[in-house]
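Here's the structure we're looking at; comments come further down.
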Amino acid sequence: EHPPLKMRSIIVLCAAIAVAAGEGYAVSIDQMELGYLCTQGTSMGEKMLEAYHLCSGEMTQQQTYGPRSLSRSDFCPSPSEIKKEVKGYLQGEICVFKQMGWIDNYWQTGWNKDTVLADLSSLPEEVSYFLLDESIMGECVDDITEYIYSTTEQCFATYTEAGQSKVARTIDFYAKVTCFTRTFEEVCKEYVVGMLYAASSNAGMKE
Numbered sequence: 151e152h153p154p155l156k157m158r159s160i161i162v163l164c165a166a167i168a169v170a171a172g173e174g175y176a177v178s179i180d181q182m183e184l185g186y187l188c189t190q191g192t193s194m195g196e197k198m199l200e201a202y203h204l205c206s207g208e209m210t211q212q213q214t215y216g217p218r219s220l221s222r223s224d225f226c227p228s229p230s231e232i233k234k235e236v237k238g239y240l241q242g243e244i245c246v247f248k249q250m251g252w253i254d255n256y257w258q259t260g261w262n263k264d265t266v267l268a269d270l271s272s273l274p275e276e277v278s279y280f281l282l283d284e285s286i287m288g289e290c291v292d293d294i295t296e297y298i299y300s301t302t303e304q305c306f307a308t309y310t311e312a313g314q315s316k317v318a319r320t321i322d323f324y325a326k327v328t329c330f331t332r333t334f335e336e337v338c339k340e341y342v343v344g345m346l347y348a349a350s351s352n353a354g355m356k357e
C-alpha cells in the first residue's frame, strides 16, 4: 500500500469530477496518477503501483531528452553507444517493466508475453482492447522503426553484422516501449475522461 499516491489520486479524481460538473477548479493529472486511476482495482494496477514505488529513483534520474544517437547525421555512434543512450532514456520504463515481470535483466532479449497478456487482460476492456490489438501496436512500431532507419541508414551500413543486430534489437525495443507508453497514456486519458463524465452526469441526476 502506498497512501500518498492513492490519496492524491482520489483527491485529483474528486476535483476533476468537480471540473466536469462545472465547479471551475483547475486540475493537473500526472502520468503516475493517470496510470493509477486507469488501472485501479486490477491486478496490473497493484503491480504497477508497487513498481512505480520501487523505481522512483530511476524515473527521477531519467534523461529528459530523446536518444539523439538514433538521429545523428554529423557522425556515427557505435552500437554500444546507441544501446547505452536508449537504456538511459528508458531507464524508468525498463525498471518498471522488470519489477512487473514483463522483461528480465537482459532487457533486449524479448518480452515475457504470458505475463504481459495476463496483466493487460485484467484492465477494463475499454483500455485493454487497444493495448492488446496487435495491428494498432504493430503499425506504431513500424512507423517509428522506419523513421529511425531512414535517418540512420548511412551509419547502419558501416556496422558489422553483429553491430547491426545489436542496433536492430535496440531500435525494436525502443519502438515497442515508446508505442506502449504512448498508447497507454492516450487510452487511459480517454478512459478517465469517460469516468469523469459518467460521475458528473450521475451527480447531476441526483440533484
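Read in order, the letters of the sequence shown are residues 151 to 357 in the numbering used here.
Heads up, the beta-carbon is just placed ideally off N, CA and C, and yes, glycines get one too.
Predicted model, so just to flag it, every value in this text is computed and none were measured.
Query	Result
Tyr341: buried (16+ other C-beta within 10 angstroms of its C-beta) or exposed?	buried
Determine the burial state of Ala348: buried for a count of at least 16 other Cβ atoms within 10 Å of its Cβ, exposed for fewer.	exposed
Going straight from the alpha carbon of Pro229 to that of Leu240, what length do you get?	16 Å
Using the beta-carbon count (16 or more within 10 Å), is Lys233 buried or exposed?	buried
Go ahead and label Asp292 buried or exposed: buried means 16 or more other beta carbons lie within 10 angstroms of its beta carbon, across all protein chains shown.	exposed
Can you give the Cα-Cα distance for Leu155 and Leu199, rounded to whole angstroms?	Low per-residue confidence applies at Leu155: pLDDT is 49, beneath 50, and the placement is therefore not dependable, though the value from the model is reported in the following sentence. Those two C-alpha atoms are separated by around 9 Å.
Using the C-alpha atoms, what's the distance from Phe306 back to Leu270?	35 Å
Tell me which residues share the same chain as Ser278 and place their Cβ nearer than 7 Å to its Cβ, disregarding the 5 neighbours each side in the sequence.	Leu270, Ser271
Is it a yes or a no for the region 284-301 touching the region 322-332, going by three-plus beta-carbon pairs under 8 Å?	yes
Return the chain-ordered ranges of every alpha helix (DSSP H) run that is complete within the region 285-351 and spans a minimum of 4 residues.	none
Just to confirm before moving on: does the CB-CB distance between Asp201 and Val246 stay below 7 Å?	Checking the sequence, you will find Ala at residue 201 rather than Asp. Yes.
Could you tell me the alpha carbon to alpha carbon distance between Ser193 and Asp264, rounded to whole angstroms?	14 Å
As a quick exercise: from Gly242, Gly185, Glu196, pick the residue whose alpha carbon is nearest that of Thr210.	Gly242
What first and last residue would you give for the alpha helix (DSSP H) that runs through Gln190?	Here Gln190 belongs to no alpha helix (DSSP H), and DSSP marks it neither H nor E.
How many angstroms separate the CA atom of Thr333 from the CA atom of Ser285?	13 Å
Report the CB separation of Ile321 from Thr295 in whole angstroms; it is logged as a contact under 8 Å.	6 Å
Going by C-alpha distance, which of Ala312, Ile298, Val236, Glu196 is nearest Met250?	Glu196
Does DSSP classify Pro227 as helix, strand or coil?	coil
What first and last residue would you give for the alpha helix (DSSP H) that runs through Asp269?	263-271
Tell me the rounded alpha-carbon separation between Met345 and Tyr309.	50 Å
What is the DSSP secondary structure of Met194, reduced to helix, strand or coil?	helix
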